[in-house]
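A short write-up of the structure that comes next.
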Amino acid sequence: MVNMNRFDSVSLSFFLANFKTSACNWLVPPKYDTSPPIHVPASDSEKRRDILQQFLLWLVQDVLVPFLGGSFYITDSGPHKNRMFYFRHDDWAAMAAPTICSLGTATYERIRKSQAFVEAAGKVMMFGVLRLLPKDSGARPILNLRKRFWKKTKDGPKFLQSVNATLQNLIYEKFKEYSLRSKGPRMYFVKVDVVKCFDNIDQQYAKKIVEAVIREHEYVVKKYAVVYNGFDGAKRTFVRKARPS
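Counted from 1, the sequence shown has number 16 at position 16 by the numbering used here; the numbering is strictly sequential.
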């Protein structure tokens, strides 16, 4: 399970593969615990398998998953895409500390709780979910503004709008107010795409850029494979490097 990728799914059949209920002595009723073993009716076998499924479901959901979440910070990474990594919490805290410290100085601005209520002006202030993605040096912050949250109301739980949806509505309201006040010509929003963008690049200008990067007249391209020990066995990756001859 710990070797699975980010979007891999797992079912009870995965844990029950090549698993025999007869191997669990605690599932055998006393009347069938004899030597030599006697025939077990199909109904009893199905009941024993159902009990085993319920036990494995409890073991995974209530023991294994909380244990992994409490012992490790589990995340994917940029260079390895959907491959999952398990960091001890103390190691991850030391690794992510410089990035967290820089968030309040370079990227975001810290505000007080009282200021947040004033800015909200009685409205529901939405927020995003920030997570850190490990990279070769440090971590990269990723802010999810599309996530929606539940709010308890007198009529029951209510699904709130995401930050993106809230901002879109605010922009629309402001633009609608401006367009009603404006006496100028009618305005339109147009979404366009450049046809054959790369075909229209100035070839001479592109040549100058390439000549500034490639300064040697001849290069040797080396291709080789690297074999290393991964989480689930031996892994192989291909490397290609170019060097001046």
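We put the beta carbon where it would ideally sit given N, CA and C, even for glycine.
Hey, how far is the Cα of residue i from the Cα of residue j?
i    : j    : result
S71  : D91  : 11 Å
L130 : R146 : 11 Å
V194 : Y205 : 19 Å
P29  : D8   : 37 Å
V246 : A234 : The question about residue 246 has no answer, for the chain in this structure spans 1 to 245.
L27  : F67  : 26 Å
H217 : I201 : 24 Å
K183 : K176 : 13 Å
Y228 : H80  : 14 Å
K191 : R236 : 44 Å
V10  : F55  : 16 Å
Y172 : S102 : 33 Å
K196 : H89  : 49 Å
S114 : K152 : 22 Å
Q161 : Q168 : 11 Å
M4   : C24  : 27 Å
R181 : N82  : 50 Å
G128 : D155 : 25 Å
V213 : K207 : 10 Å
Y108 : A94  : 21 Å
F238 : K223 : 7 Å
W150 : L170 : 21 Å
P41  : P157 : 48 Å
H39  : G78  : 55 Å
R140 : Q61  : 30 Å
Buried or exposed: which applies to residue i, given that a residue is buried once 16 or more other Cβ atoms fall within 10 Å of its Cβ?
i    : result
Y73  : buried
V226 : exposed
L52  : buried
V65  : exposed
V163 : buried
For the putative contact between residue i and residue j, defined by C-beta atoms under 8 Å, what is the C-beta separation to the nearest angstrom?
i    : j    : result
F85  : P134 : 7 Å
P98  : G138 : 6 Å
T21  : S43  : Contact flag wrong, Cβ pair sits at about 13 Å.
R6   : D76  : 5 Å
G104 : R110 : 5 Å
V221 : R240 : 6 Å
A106 : L132 : Actually they do not touch by this definition, with Cβ atoms about 15 Å apart.
Give the single residue among the options whose Cα lies nearest to the Cα of residue i.
i    : options                : result
Y219 : R243, Y172, P66, N82   : R243
F15  : R240, R140, W26, L59   : L59
I100 : Q168, I142, R186       : I142
R148 : K154, F159, L57        : F159
S13  : A93, D50, P41          : D50
N144 : L180, A165, Y224, D136 : A165
R215 : F238, F198, Q203, S245 : S245
F19  : R140, Q203, R48        : R48
Cβ-heavy atom distance between residue i and the ligand ZN below 7 Å?
i    : result
L130 : With respect to the ligand ZN, the structure offers nothing, as it holds no ligand at all.
Is there at least one Cβ from chain D nearer than 8 Å to residue i's Cβ?
i  : result
N5 : Judged by its chain identifiers, the structure shown contains no chain D, having just a single protein chain.
Please list the segments of the alpha helix (DSSP H) lying wholly inside the region 130-213, counting only runs of 4 or more residues, in order along the chain.
163-181, 203-213
My parser needs the alpha helix (DSSP H) runs of 4 or more residues fully inside the region 59-114; what are they?
65-71, 89-102
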